[in-house]
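In terms of our numbering, the sequence shown opens at residue 45 and continues consecutively. Reading through the structure tokens given below for one structure.
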Amino acid sequence: MHKFSDELYCKIFKLIDTPISLVLTNRKWYNIAQYPHARAEWLIYKYGRFHALFHAVRLGSDFITVEIVQALLAKNAIISRYFIQRLLMYFGAPDELLIDLKIKYNVNQNNIDRIRSYQKKLPCSWAGKLPLPIFNKLIIEGFNIFKDLPIKGNDMELFHYLSAGPFIINDAPQKLFQNLKYIEDLILNQKFIPFPPRPNPIYEDTIEYMQLMKARAHESFPSRDGFENSRQLDVMARAILIYPDLVSLWKQIGYYEVCNDINELVIQGALLIFFPPTPPANWECPTVNSVVVRLRQLINLGFQLTETAMEEAFYEFKHKLNKIGNILMSSFQEIHEKSGSEIAFSCLIRTIKLERDHREFDLLEFLIDWIDKPEEALYNALEYYNVGFKFDLHKNVSKILLNQEFG
């Protein structure tokens with residue numbers, strides 16, 4: 045039997061989403077998985093050149109080695125100044141005794157046990173246990189690239205201020221354009237990109253899943269797991285809505301994932317500009333055409349009007365759907381060239397996800413009104429979550445009886 049070359053094995057290896065299943069099949073695959081070249085190829089193929097080093101560090105000392113870092117750099121994986129700043133911020137284990145004493149003397153006695161219990165459940169920080177030789181290698185590389193590296197800096201905060209983050213959206217463009225040369229330097233020369241967004245967990249009907257989703261509502265910066273929080277990604281989305289050419293700047297340095305990383309935030313941000321939570325006195329309701337034109341501009345940049353983006357838009361405006369719901373639906377219909385029933389049905393499963401507060405039925409009623417066969421659609425959606433129901437079409441959707449608590 046003809047034997048594959050190691051090079052071919054490596055090419056196959058990088059295409060596997062979760063290589064551990066392959067590694068366990070036989071010794072040959074196990075040996076391939078130990079090659080720094082194979083691991084570096086897999087990281088770059090799966091996560092891209094800008095996020096490869098982040099994930100190498102995230103996967104921990106059982107995965108990353110100095111040789112893998114060298115292989116990644118040889119394959120043009122990108123080190124940004126922000127990456128080095130965050131690495132310095134995270135590296136090293138915390139002083140548990142000091143943390144204990146701070147809790148003891150600065151927190152109400154009744155909360156001490158609860159906080160200690162919470163601290164124990166937290167995972168190790170992103171680079172907290174990174175081996176020293178690997179840390180040294182990355183830091184030296186960083187200082188070789190960025191000669192005057194401000195180690196106490198934070199390029200995400202810098203971008204926030206340069207892009208007029210503290211200003212209201214109507215006053216922000218003028219300030220951003222004043223700072224444009226600094227923003228261009230930050231992106232083109234300092235290779236500023238955010239860390240990757242936190243992936244959404246796969247739905248599970250468990251208490252642990254519900255607790256995880258609730259915990260995500262209270263994000264801190266920097267996040268313990270290293271992933272970029274939505275609040276920081278919002279800074280980028282807002283800047284792009286003010287000055288769309290930023291997308292071209294990021295793509296110019298090879299950050300082609302920019303549209304994917306903040307897709308929903310950009311789409312939602314564009315709609316919030318059209319339909320502000322507190323409209324000014326001179327606000328006028330936009331037409332379907334103006335919404336479609338703006339969305340198509342963003343789509344031409346590389347963003348997508350996904351099912352998630354549409355559902356999140358409906359959810360964001362759930363209390364205004366009686367006024368603007370039809371404008372949103374008609375705009376989405378024109379973009380996708382689909383019926384309102386098809387779009388409403390595609391949003392239904394996300395609308396009834398269990399971590400949502402389901403004491404209000406505004407959005408559910410709106411979608412049901414658009415669906416041609418509401419009883420069948422609702423049954424299929426609830427079956428996705430293994431939830432039963434009793435539905436009377438001639439009564440209001442608020443009469444839906446679920447045999448499982450929502451939230």
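Note that beta-carbon positions come from the ideal geometry of N, C-alpha and C, so glycine has one too.
| Among L131, I227, L277, which has the Cα closest to the Cα of K181? | By 1-based counting over the sequence shown, the position of residue 181 is 137. Nearest option by C-alpha distance: L131.
| message | For I368 and V336, what's the separation of their Cα atoms in angstroms? | response | As a working mapping, residue 368 is identified with position 324 in the sequence shown. As a working mapping, residue 336 is identified with position 292 in the sequence shown. Cα to Cα, the separation comes out at about 14 Å.
| field | 9 Å Cβ cutoff met for A421 and F376 | value | Translated into positions along the sequence shown, residue 421 becomes position 377. Translated into positions along the sequence shown, residue 376 becomes position 332. Not in contact: A421 and F376 (Cβ atoms no closer than 9 Å).
| query | In whole angstroms, what is the alpha-carbon distance linking N307 and S292? | reply | Working through the sequence shown from its first residue, we reach residue 307 at position 263. Working through the sequence shown from its first residue, we reach residue 292 at position 248. Each residue's alpha carbon lies about 15 Å from the other.
| Residues bridged to E272 by DSSP? | Translated into positions along the sequence shown, residue 272 becomes position 228. For E272, which the question treats as bridged, DSSP gives the partners P241.
| task | Quick one: using the 10 Å Cβ neighbour count with 16 as the cut-off for buried, is L372 buried or exposed? | result | Locating residue 372 in the sequence shown gives position 328, where the first residue counts as 1. Label assigned to L372: buried.
| Can the beta-carbon of P283 be found less than 9 Å from the beta-carbon of L365? | Position 239 of the sequence shown, counted from the first residue, corresponds to residue 283. Position 321 of the sequence shown, counted from the first residue, corresponds to residue 365. Reading off the sequence shown, one finds Ala at residue 283, where the question assumed Pro. No. Outside cutoff.
| request: Please go through the same chain and pick out, in chain order, the residues whose beta-carbon is closer than 7 Å to the beta-carbon of R93, but skip the five residues on each side of it. | output: Indexing the sequence shown from 1 puts residue 93 at position 49. Within the same chain, R93 has close Cβ partners N120, A121, I122, G298.
| task | Report the option in I56, F239, Y423 whose CA atom is closest to the CA atom of A82. | result | Against the sequence shown, residue 82 aligns to sequence position 38. Nearest option by C-alpha distance: I56.
| field | Residues near G136 by beta carbon distance below 7 Å, same chain, minus five either side | value | Locating residue 136 in the sequence shown gives position 92, where the first residue counts as 1. Same-chain partners within the cutoff: G172.
| query | Do the CB positions of F236 and Y126 come within less than 9 Å of each other? | reply | One-based indexing of the sequence shown puts residue 236 at position 192. One-based indexing of the sequence shown puts residue 126 at position 82. Their beta carbons are under 9 Å apart, which means F236 touches Y126 by this criterion.
| request: Confirm, please, whether the CB-CB distance from P240 to Y89 is below 9 Å. | output: Taking the first residue of the sequence shown as position 1, residue 89 is located at position 45. Taking the first residue of the sequence shown as position 1, residue 240 is located at position 196. Contact flag unset, no.
| field | Separation of A314 from H99, as counted between CA atoms | value | Residue mapping note: residue 99 aligns to position 55 of the sequence shown, counting from 1. Residue mapping note: residue 314 aligns to position 270 of the sequence shown, counting from 1. Approximately 31 Å between the Cα atoms of the pair.
| query | Cβ of I178 within 9 Å of Cβ of L206? | reply | Stepping through the sequence shown from its first residue, residue 178 is reached at position 134. Stepping through the sequence shown from its first residue, residue 206 is reached at position 162. No, these two residues do not count as a Cβ contact at 9 Å.
| field | Cβ-based burial, R102 [other Cβ within 10 Å; buried from 16] | value | In the sequence shown, the residue the question calls residue 102 occupies position 58. Buried, because 16 or more other Cβ atoms sit within 10 Å of the Cβ of R102.
| said: Please report the straight-line C-alpha distance between P210 and H204, rounded to a whole angstrom. | reply: Here residue 210 refers to the residue found at position 166 when the sequence shown is read from its first residue. Here residue 204 refers to the residue found at position 160 when the sequence shown is read from its first residue. Approximately 8 Å, taken between the alpha carbons.
| Taking the Cβ atom as the reference point for each residue, do Q129 and N198 lie within a distance shorter than 9 Å? | Translated into the one-based positions of the sequence shown, residue 129 becomes position 85. Translated into the one-based positions of the sequence shown, residue 198 becomes position 154. Closer than 9 Å, so yes.
| message | Given this structure, state the Cα-to-Cα distance separating E360 from P243, to the nearest angstrom. | response | Stepping through the sequence shown from its first residue, residue 360 is reached at position 316. Stepping through the sequence shown from its first residue, residue 243 is reached at position 199. Spanning the two alpha carbons is a distance of roughly 21 Å.
| task | Report all residues from its chain with a CB closer than 7 Å to the CB of I415; omit the five preceding and five following residues, and keep chain order. | result | The residue labelled residue 415 in the question sits at position 371 within the sequence shown. Excluding positions up to five away in sequence, the list reads S385, A388, F389, A421.
| Nearest to K382 by CA position, among E351, I393, R400, is which residue? | Sequence index remark: in the sequence shown, residue 382 carries index 338 (1-based). The candidate whose alpha carbon is nearest that of K382 is E351.
| said: Considering Cα atoms alone, identify which of L392, K397, L285 is closest to I343. | reply: Position 299 of the sequence shown holds residue 343. Nearest option by C-alpha distance: L285.
| message | Quick check on Q234: does DSSP put it in helix, strand or coil? | response | To locate residue 234, count along the sequence shown from 1; it is residue 190. Q234 falls in the coil class under three-state DSSP.
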